[in-house]
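In the numbering used here, the protein residues as written are 355 to 861.
A short worksheet on the structure shown next.
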Amino acid sequence: MNKTFTLTKTIRKEVKQVRELDHPNLCKFIGGCIEVLNLAIITEYCPKGSLSDVLLNDDIPLNWGFSDVAQGMAYLHQHRIFHGRLKSSNCVIDDRWVCKISDYGLQLYRKWDLSADSSSSHQRFAQMYLAPEAHSAQNFEPTPAADVYSYAIILFEIATRTDPTLKDEGPSAEYSQCPTLAELISEKSENACPCPTEYVELIRRCKKINPVQRLTFEQVKKLLYKMNPNKVSPVDMMMTLMEKYSKHLEVLVSERTQDLVHEKQKTDRLLYSMLPKQVADDLRQGKPSQAQSYINATVFFSDIVGFTQLSSTSTPYQVVNLLNKLYTAFDEIIDNYDVYKVETIGDAYMVVSGVPKENGICHASEIASMALDLVSLCKTFKIPHKPNTQLKIRAGIHSGAVVAGVVGTKMPRYCLFGDTVNTASRMESTSEALKIQCSSTTYQLLEQIGEYILVCRGNLQVKGKGDMITYWLEGKKTGAIQKKALSPSTASRSSNQNGFHLIPGVV
């Protein structure tokens, strides 16, 4: 391989000849780089890609007014320049949807091009466009007839919008059976236009085995003009194509926008299942999430009795499967109530009502009804890997003031803080299997609502809280009349300074 590039007189003459060419269907030659390791030819940039890209993209509509290639090639032949490498991949489309021919001329200059694609797939692609006489010659020089043969392959691509390398015919095969081509065209998508018989005949005449029998590009231009029954000008044809493409883009944009909306809805549902809507919206907009205090809410805790022993006799996969099945069932139940699932940690399940949406004193009844449903579910729940073992949970409820806020920026969590949370946790830890223990504060609210059956458990020593009178929530009263819950404004007028609704005479 030569290490230097010599800009000979012949190459200079080639460059001068190509620089003087000017036609709307030729990709304008600008210049070149003559450094050996960076040899390159610089041409006009056409942003729409190649004709091959357009033809293989069924999303782009196409009509039969594609005479640009013939006009560009006719201009080159008039100037005694024969392409020799014509194919759909070097017919490029500019920003006005005009097809322009590139890679023409500069035969000696191109022999120095070290960046030429020599891959087998590229070579096979290029071979499909070579005329039969080019395959049989040792050092074949480009001829007008060989260019016409290459153009016939491009016409076939335009007609069928298929890759010619997928055809089984060899390079010397001729389209002697028109019905075969007609069948291929008739099966095209709705973007393809019906192919007239004159077009099939044009392909045959351009692809004759005998080079002498092939048409010239001047003859091709005349035939294409006759095939245009409305005598539409190239500009009008291009405007029609652009209008079709514009309308097609509008449909595509509408479809993609609809897809984006659906994906955003999925993302929103996932996000809102992890954080309260207002908190999630603030974080998405980059706003700092401020902690907020609530004077009255009800917190629910539950865990699985004997979970440590159950885990020791189960595989990790079985434990995960159990918790997923159980808490998925729990999640479906709590969707029926005005509650917010705070988190699950191991076998612990934490829910709150009255946060982040305040609801007067309804938070106590929402949690109570939910708790009864969860315990009821556990009585019939089957452990997947131990179907004969009864799953038992214990639950605790307490009402009071809490502070809620987002903690962290990586996987942020919406957490509750305050003595109410600690007390609710104590109600759960001191509860019993398949029972719901509630504090006297929650008892007072439920008695005020008047729909629930509560039994006093008595005085209980609670760690960190001392003696507490607690109650068992056992169910709902049969035939109880639904009482209208107090509105937040009414509830605030009848609450004490701690936000609890007290009934005189109730301890």
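The beta-carbon is built from N, C-alpha and C at its ideal position, and this holds for glycine as well.
Note that the structure is a prediction, hence the values are computed from the model and not measured.
Suppose the cutoff is 8 Å on Cβ atoms and the five residues either side in sequence are ignored; what does the same chain contact list for residue i look like?
i    : result
T774 : A651, V653, H752, S753, G754, A755 and V756
Q646 : P710, V757, A758 and G759
K830 : S723, L726, E805, Y806 and I807
E368 : G459, L460, Q461, L462 and Y463
L578 : S421, A424 and L556
K631 : none
D613 : none
T784 : G750, Q791, L814, V816 and T824
F661 : G700 and D701
Which residues in the same chain have their Cβ closer than 7 Å to the Cβ of residue i, if we skip the five residues on either side of it in sequence?
i    : result
E782 : F655, S656, D657, R748, A749 and G750
I365 : L462 and Y463
L799 : I715, A718, S753 and H855
C453 : N379, L405, F420, D422, V423, C445 and I447
I688 : K695, V705 and M724
T397 : C381, K382, F383, I384 and S456
Please name the residue in the options whose C-alpha comes closest to that of residue i.
i    : options                   : result
R811 : L800, E828 and L460       : E828
A506 : I447, V452, F494 and V574 : V574
I384 : S600, T360, I395 and L391 : I395
P565 : E604, K620 and D501       : D501
R568 : L680, K618, M765 and A485 : A485
D448 : G403, D407, I435 and S668 : G403
H431 : L728, V372 and L509       : V372
K598 : W451, L440 and L375       : W451
Q791 : L509, I823, Y648 and E801 : I823
K580 : S608, T551, L606 and E604 : T551
Quick test of your reading: residue i and residue j, contact by CB under 8 Å. State the CB separation rounded to the nearest angstrom.
i    : j    : result
K561 : Y503 : 6 Å
V706 : Y691 : Going by Cβ atoms, the distance from V706 to Y691 rounds to 11 Å, so no, they are not a contact pair.
V659 : A787 : 5 Å
R767 : V816 : Not confirmed; about 27 Å, so no contact.
L677 : D701 : 7 Å
F735 : L680 : 7 Å
N776 : G820 : Incorrect: roughly 13 Å between the Cβ atoms, too far for contact.
C400 : C381 : 6 Å
G708 : Y797 : With 8 Å as the limit, G708 and Y797 do not qualify as a contact, their Cβ atoms being about 17 Å apart.
Which residue comes first and which comes last in the beta strand (DSSP E) that contains residue i?
i    : result
H433 : Per DSSP, H433 belongs to no beta strand (DSSP E) and is neither H nor E.
V757 : I747 to V761
R373 : Careful: R373 lies outside any beta strand (DSSP E), inside the alpha helix (DSSP H) at K363 to R373.
D692 : Looking at the DSSP string, D692 is not in any beta strand (DSSP E), and its letter there is neither H nor E.
M704 : A702 to S707
I803 : Looking at the DSSP string, I803 is not in any beta strand (DSSP E); the run it does join, the alpha helix (DSSP H), is S794 to I803.
Taking all protein chains shown into account, do 16 or more other C-beta atoms lie within 10 angstroms of the C-beta of residue i, making it buried, or fewer, making it exposed?
i    : result
H717 : buried
P642 : exposed
C732 : buried
L361 : exposed
E720 : buried
N742 : exposed
Y825 : buried
P738 : exposed
H437 : buried
G419 : Its pLDDT being 46, under 50, G419 is placed unreliably by the model, and nothing is read from it.
S475 : Here S475 scores only 47 on pLDDT, less than 50, and its place in the model is too uncertain to base an answer on.
I455 : buried
P496 : buried
I835 : At I835, the pLDDT of 43 sits below 50, so the modelled position is not reliable; the number obtained from the coordinates is stated separately. I835 should be labelled exposed.
N713 : buried
I508 : buried
K618 : exposed
V761 : exposed
A778 : buried
L606 : exposed
T611 : exposed
Q531 : Caution is warranted here: a pLDDT of 36 is assigned to Q531, below 50, making its placement in the model unreliable, and the coordinate value is therefore given only provisionally. Exposed.
From which residue to which residue does the alpha helix (DSSP H) around residue i run?
i    : result
F684 : P670 to I688
P328 : The structure shown has nothing for residue 328, since the chain only spans 355 to 861.
N776 : D773 to S783
E828 : That residue, E828, is in no alpha helix (DSSP H); its beta strand (DSSP E) goes G820 to K830.
A725 : C716 to T734
A488 : P486 to S490
Q663 : F661 to S666
I557 : T551 to C560
F571 : F571 to K580
A787 : Where A787 is concerned, there is no enclosing alpha helix (DSSP H), given that its DSSP letter is neither H nor E.
V633 : K631 to R638
So, at 6 Å on beta carbons, what are the nonlocal neighbours of residue i in its own chain, with the 5 sequence-adjacent residues on each side left out?
i    : result
F494 : A488
N675 : P738
A428 : F571, E572 and K575
L629 : Y768
L440 : D501 and S504
D636 : S643
Does any C-beta atom of chain D lie closer than 8 Å to the C-beta of residue i?
i    : result
N444 : Of the protein chains in this structure there is only one, and it is not chain D.
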